[in-house]
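In the numbering used here, each residue's number is its place in the sequence shown (first place is 1) plus 4. We put the CB at the ideal spot given by N, CA and C, even for glycine. Report on the following structure.
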Amino acid sequence: MDTLINTNTKAHDEKRQGEAFAPFVADKNEYRKLFYIESYGCAMNFADSEVVASILQQHGYGATLNFESADLIFVNTCSIREKAEATVSKRLTEFRKLKKSNPGLLVGVLGCMAERLKEKFIEQERLVDLVVGPDAYRSLPGLIEEAETGQKAVNVLLSRDETYADIAPVRLNSNGVNAFVSIMRGCNNMCSFCVVPFTRGRERSRDADSIIKECTSLFEDGYKEVTLLGQNVDSYHWVAAQNFGQNEGYEKPVNFANLLEKVALISPLLRVRFSTSHPKDITDEVLFTIAKYDNICNYIHLPVQSGSSRILQLMNRTYTREWYIAKVNRIKEILPDAGLSTDMITGFCTETEEDHQQSLSLMEYCKYDLAYMYFYSQRPGTLAARRFEDDVPEDIKKRRLQEMVNLHRKNTLQSMQRDVGKTCKVLVEGFSKKTPDELQGRNDQNKVVVFPKKYFKKGEYVFIKITACTAGTLIGTAVDV
5 MDTLINTNTK
15 AHDEKRQGEA
25 FAPFVADKNE
35 YRKLFYIESY
45 GCAMNFADSE
55 VVASILQQHG
65 YGATLNFESA
75 DLIFVNTCSI
85 REKAEATVSK
95 RLTEFRKLKK
105 SNPGLLVGVL
115 GCMAERLKEK
125 FIEQERLVDL
135 VVGPDAYRSL
145 PGLIEEAETG
155 QKAVNVLLSR
165 DETYADIAPV
175 RLNSNGVNAF
185 VSIMRGCNNM
195 CSFCVVPFTR
205 GRERSRDADS
215 IIKECTSLFE
225 DGYKEVTLLG
235 QNVDSYHWVA
245 AQNFGQNEGY
255 EKPVNFANLL
265 EKVALISPLL
275 RVRFSTSHPK
285 DITDEVLFTI
295 AKYDNICNYI
305 HLPVQSGSSR
315 ILQLMNRTYT
325 REWYIAKVNR
335 IKEILPDAGL
345 STDMITGFCT
355 ETEEDHQQSL
365 SLMEYCKYDL
375 AYMYFYSQRP
385 GTLAARRFED
395 DVPEDIKKRR
405 LQEMVNLHRK
415 NTLQSMQRDV
425 GKTCKVLVEG
435 FSKKTPDELQ
445 GRNDQNKVVV
455 FPKKYFKKGE
465 YVFIKITACT
475 AGTLIGTAVD
485 V
């Protein structure tokens with residue numbers, strides 16, 4: 005998909021694309037070599053870069069923000085969108101030119117594009133020295149040594165059990181308030197438009213003990229919010245090992261609702277979010293768990309992709325329009341104040357004007373608070389690329405996307421306007437984008453709130469009375485409650 009509108013933490017935050025890891029502040033450690041990582045794609049990729057940074061630092065490598073001073077340059081990549089792949093290829097070409105002045109420099113590609121385009125990078129374009137897939141990061145130190153001898157180093161093997169559960173990610177770019185915690189890897193949903201099952205492998209859940217330990221450690225280090233990440237978090241399922249008395253207290257398998265509760269119980273001051281939910285898997289048990297705990301945020305990202313049952317069948321989404329609407333109704337019944345967001349694709353194979361109108365009417369019915377909207381671009385290796393013709397002209401795709409964006413902006417403005425006059429609890433995340441005299445944070449429904457700085461600090465909870473809004477931001481002032 006080429007176009008992304010209205011980004012937030014769930015999908016591809018355009019402001020973070022190409023973001024480089026920063027070293028620790030006042031890091032006094034001596035490192036034998038420096039590495040530089042740029043990340044592209046979704047939150048899962050940025051979380052993976054933190055795992056890579058941890059592995060490299062354990063083997064004596066330090067982070068740098070200056071790629072010209074780096075001994076190792078890595079680009080962590082995404083294959084979901086054609087635009088992302090083009091950007092990464094251009095960036096790798098630029099890094100490759102540095103070898104003229106620094107022959108010992110190693111350039112590597114990590115992540116989903118490594119899995120899909122290994123031969124292109126190594127043999128055809130000769131852009132990189134290392135190609136490492138998302139399940140092979142533990143082998144990085146050995147691959148680096150191999151590449152230093154002049155050999156091309158490649159490991160793109162997918163795993164059925166790798167979760168990096170024992171590796172504590174290095175939070176090099178964090179604001180110290182919010183942190184991503186991966187709870188599972190891979191995906192078993194064979195949506196016909198998506199390349200993820202082929203680049204990240206089959207679904208496997210991480211040890212629940214390690215998740216609780218990581219979230220507890222983050223809270224003790226001052227973090228106030230964790231986002232549990234997975235391609236499909238609602239299918240999380242972990243069975244404890246029973247040998248040698250390990251994992252006591254886990255007599256039954258841990259599902260996602262159980263995990264949510266365990267994380268929420270770490271402290272009422274630790275906010276819990278999660279992403280992403282597949283409509284077919286989110287359960288009433290999860291919804292009631294959200295309702296039970298004030299610190300589990302009242303926000304659900306529920307991608308629909310299309311409002312047409314016919315297109316949903318071609319996409320292999322395993323539900324109909326009517327079934328999805330019933331699920332939305334159930335969410336609103338159990339969580340009346342829940343924020344709701346979605347993903348939408350326009351111009352999928354054979355989509356007609358009638359199909360498009362059904363997508364618009366679904367958006368009008370659900371009135372999403374946030375939406376990530378794309379026009380379809382065929383990804384090589386997907387089921388859709390093998391089965392269907394990409395037959396909707398690009399100008400029609402873009403026109404339909406714009407109609408969808410216009411409708412969504414109308415709905416989001418109305419959603420924001422309904423909050424004017426209300427008071428909400430906001431976790432301060434830092435300065436606003438416009439002025440250091442204002443702070444910003446998010447409320448329970450994941451809406452951005454801006455307010456005067458006064459004496460408040462990052463990481464504090466503040467009650468804000470909303471006095472005004474735009475289509476994307478709530479504006480208010482602090483009040484005592």
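(1) Is the beta carbon of GLN444 sitting closer than 8 Å to the one on GLY434?
(2) Starting from PHE435, follow its DSSP beta bridges and name the residues at the other end.
(3) Classify GLN418 as buried or exposed, calling it buried when 16 or more other Cβ atoms lie within 10 Å of its own Cβ.
(4) Is the stretch 341–361 in contact with the stretch 420–440, if contact means three or more CB pairs nearer than 8 Å?
(5) Identify, in the order they occur along the chain, each residue of the same chain with its Cβ nearer than 8 Å to the Cβ of ARG120, setting aside the five sequence neighbours on each side.
(6) Does the separation of the CB atoms of GLU276 and CYS301 fall below 8 Å?
(7) Report the rounded CA-to-CA distance for THR7 versus LEU364, giving the unit in angstroms.
(8) Under DSSP, the alpha helix (DSSP H) around CYS219 begins and ends at which residues?
(9) Curious, which full-length beta strand (DSSP E) runs of at least 3 residues does the stretch 124–184 contain?
(10) Can you name, in chain order, every residue of its own chain whose Cβ lies under 7 Å from the Cβ of ILE294, other than the five neighbours on each side?
(11) Classify ARG277 as helix, strand or coil using the three-state DSSP reduction.
(12) DSSP on SER43, reduced to helix/strand/coil?
(13) Could you give the C-beta distance for ARG175 and ALA183, rounded to a whole number, given that I count them as a contact under 8 Å?
(14) Can you give me the Cβ contacts of VAL396 inside the same chain, cut-off strictly under 6 Å, excluding the 5 residues immediately before and after it?
(15) Can the beta-carbon of SER279 be found less than 8 Å from the beta-carbon of THR231?
(16) Anyone know if the C-beta pair for ARG321 and CYS191 falls short of 8 Å?
(17) Quick check on LYS401: buried or exposed, where buried means 16 or more other Cβ atoms within 10 Å of its Cβ?
(18) Measure how close the beta-carbons of GLY205 and SER163 come, nearest whole angstrom, since I'm counting them as under 8 Å.
(19) Starting from THR68, trace the beta strand (DSSP E) both ways and give me its first and last residue.
(20) Quick one: Cα of THR481 to Cα of GLU152, how far?
(21) Starting from the Cα of GLU207, find the closest Cα among LYS228, SER239, LYS457, VAL181 and give me that residue.
(22) Determine the closest residue to ARG404 out of ARG210, HIS360, CYS353, with distance taken between C-alpha atoms.
(23) Does DSSP put THR389 in a helix, in a strand, or in coil?
(24) Among ASP285, VAL56, PHE260, which residue has its Cα nearest to the Cα of PHE78?
(25) Taking only three categories from DSSP, how would you classify LYS552?
(26) Apart from the five residues just before and just after ASP75, which ones in its own chain have a Cβ nearer than 6 Å to its Cβ?
(27) Can you list, in chain order, the residues of its chain with a C-beta nearer than 7 Å to that of PHE125? Leave out the 5 residues immediately preceding and following it.
(28) Alpha carbons only, please: which of ALA51, GLY45, LEU60, SER436 is nearest the one belonging to ALA90?
(29) Report the residue from GLN61, GLY115, PHE223, HIS63 whose alpha carbon sits nearest the alpha carbon of ALA47.
(30) Is it true that the CB of ALA388 sits closer than 8 Å to the CB of PHE197?
(31) With a 10 Å radius around its C-beta and 16 neighbouring C-beta atoms as the bar for buried, classify VAL454 as buried or exposed.
(32) Quick one: which unbroken alpha helix (DSSP H) runs of 4-plus residues sit fully inside the stretch 287–370? Chain order, please.
(33) Since ALA118 and GLY137 are thought to touch, with beta carbons under 8 Å apart, how far apart are those beta carbons, to the nearest angstrom?
(34) Applying the 10 Å Cβ sphere with the 16-neighbour rule, what's the burial state of ASN12?
(35) What is the rounded straight-line gap between the Cα of LEU318 and the Cα of ARG391?
(36) Can you grab the Cα-Cα spacing for the pair PRO307 / PRO283, in whole Å?
Taking the coordinates as given:
(1) Position 440 of the sequence shown, counting from 1, holds the residue named residue 444. Position 430 of the sequence shown, counting from 1, holds the residue named residue 434. Taking the C-beta atoms as reference points, GLY434 is found nearer than 8 Å to GLN444.
(2) Along the sequence shown, one-based indexing puts residue 435 at 431. BP columns for PHE435 point to LEU443.
(3) Sequence index remark: in the sequence shown, residue 418 carries index 414 (1-based). Label assigned to GLN418: exposed.
(4) Touching, no.
(5) In the sequence shown, counting from the first residue as 1, residue 120 sits at position 116. So the qualifying residues of the chain are SER83, VAL199, PHE202, THR203, PRO384, GLY385.
(6) Working through the sequence shown from its first residue, we reach residue 276 at position 272. Working through the sequence shown from its first residue, we reach residue 301 at position 297. Before going further, note that residue 276 is Val rather than Glu in the sequence given. The beta carbons of VAL276 and CYS301 sit closer together than 8 Å.
(7) The residue given as residue 7 occupies position 3 in the sequence shown. The residue given as residue 364 occupies position 360 in the sequence shown. With a pLDDT of only 37 at THR7, under the threshold of 50, the placement of this residue in the model should not be trusted; the figure read from the coordinates follows. Approximately 18 Å, taken between the alpha carbons.
(8) As a position in the sequence shown, residue 219 is number 215, starting the count at 1. Counting along the chain, the alpha helix (DSSP H) containing CYS219 begins and ends at 212–224.
(9) Within the stretch 124–184, the complete beta strand (DSSP E) segments at least 3 residues long are 134–136, 157–159, listed from N- to C-terminus.
(10) Counting from one through the sequence shown, the residue named residue 294 turns up at place 290. Counting only Cβ-Cβ distances below 7 Å, and skipping sequence neighbours, we find ILE300, ASN302, LEU339.
(11) Position 273 of the sequence shown holds residue 277. Reduced to three states, the DSSP call for ARG277 is strand.
(12) One-based indexing of the sequence shown puts residue 43 at position 39. The three-state reading of DSSP puts SER43 in strand, counting E and B together.
(13) As a position in the sequence shown, residue 175 is number 171, starting the count at 1. As a position in the sequence shown, residue 183 is number 179, starting the count at 1. Correct: roughly 6 Å between the Cβ atoms.
(14) Locating residue 396 in the sequence shown gives position 392, where the first residue counts as 1. Cβ within range, chain order: GLY351, GLU355.
(15) One-based indexing of the sequence shown puts residue 279 at position 275. One-based indexing of the sequence shown puts residue 231 at position 227. It is a contact, given that the beta carbons lie within the stated cut-off.
(16) The residue you call residue 321 lines up with position 317 of the sequence shown. The residue you call residue 191 lines up with position 187 of the sequence shown. Taking 8 Å as the Cβ cut-off, ARG321 and CYS191 do not qualify as a contacting pair.
(17) By 1-based counting over the sequence shown, the position of residue 401 is 397. The residue in question, LYS401, is buried, as its Cβ has 16 or more Cβ neighbours within 10 Å.
(18) In the sequence shown, counting from the first residue as 1, residue 205 sits at position 201. In the sequence shown, counting from the first residue as 1, residue 163 sits at position 159. In this structure GLY205 is in contact with SER163, their Cβ atoms being roughly 6 Å apart against a cut-off of 8 Å.
(19) Here residue 68 refers to the residue found at position 64 of the sequence shown. Here THR68 belongs to no beta strand (DSSP E), and DSSP marks it neither H nor E.
(20) On the sequence shown, residue 481 is found 477 positions in, with the first residue counted as 1. On the sequence shown, residue 152 is found 148 positions in, with the first residue counted as 1. Just so you know, the alpha carbons of THR481 and GLU152 end up roughly 57 Å apart.
(21) The sequence position of residue 207 within the sequence shown is 203, counting from 1. Looking at the Cα atoms, SER239 is the closest of the given residues.
(22) Walking along the sequence shown from the start, residue 404 turns up at place 400. Comparing Cα-Cα distances from ARG404 to each of ARG210, HIS360, CYS353, the minimum goes to HIS360.
(23) The residue labelled residue 389 in the question sits at position 385 within the sequence shown. Before going further, note that residue 389 is Ala rather than Thr in the sequence given. Three-state result, ALA389: helix.
(24) Counting from 1 along the sequence shown, the entry for residue 78 is found at position 74. Measuring from the Cα of PHE78, the nearest candidate turns out to be VAL56.
(25) As displayed, the chain neither begins before 5 nor continues past 485, which places residue 552 out of reach and without an answer.
(26) Here residue 75 is taken as the residue at index 71 of the sequence shown, counted from 1. LYS37, LEU38, listed in sequence order.
(27) Here the question's residue 125 lines up with position 121 in the sequence shown. Excluding positions up to five away in sequence, the list reads VAL113, LEU131, VAL132, VAL135.
(28) What you label residue 90 is simply residue 86 of the sequence shown in a count that begins at 1. Answer by Cα proximity: GLY45.
(29) By 1-based counting over the sequence shown, the position of residue 47 is 43. When each option's Cα is compared against that of ALA47, the closest is GLY115.
(30) Locating residue 197 in the sequence shown gives position 193, counting from the first residue. Locating residue 388 in the sequence shown gives position 384, counting from the first residue. For PHE197 and ALA388, yes; Cβs fall inside 8 Å.
(31) For the purposes of this step, residue 454 is taken as the residue at position 450 of the sequence shown. Under a 10 Å Cβ-count criterion, VAL454 is classified as buried, with 16 or more other Cβ atoms of the shown protein chains found around its own Cβ.
(32) Scanning the stretch 287–370 for uninterrupted alpha helix (DSSP H) segments of 4 residues or longer gives 288–296, 313–318, 325–338, 357–370, listed from N- to C-terminal end.
(33) Residue numbering aside, residue 118 sits at position 114 when the sequence shown is read from its first letter. Residue numbering aside, residue 137 sits at position 133 when the sequence shown is read from its first letter. Contact flag correct, Cβ pair sits at about 5 Å.
(34) Here residue 12 refers to the residue found at position 8 of the sequence shown. Its pLDDT being 35, under 50, ASN12 is placed unreliably in this model, and the value from its coordinates should be taken loosely. Buried: at least 16 other Cβ atoms inside 10 Å.
(35) Taking the sequence shown and counting its residues from 1, one reaches residue 318 at position 314. Taking the sequence shown and counting its residues from 1, one reaches residue 391 at position 387. Take the alpha-carbon of LEU318 and the one of ARG391: they are about 10 Å apart.
(36) Here residue 307 is taken as the residue at index 303 of the sequence shown, counted from 1. Here residue 283 is taken as the residue at index 279 of the sequence shown, counted from 1. When rounded, the distance between both Cα atoms is 7 Å.
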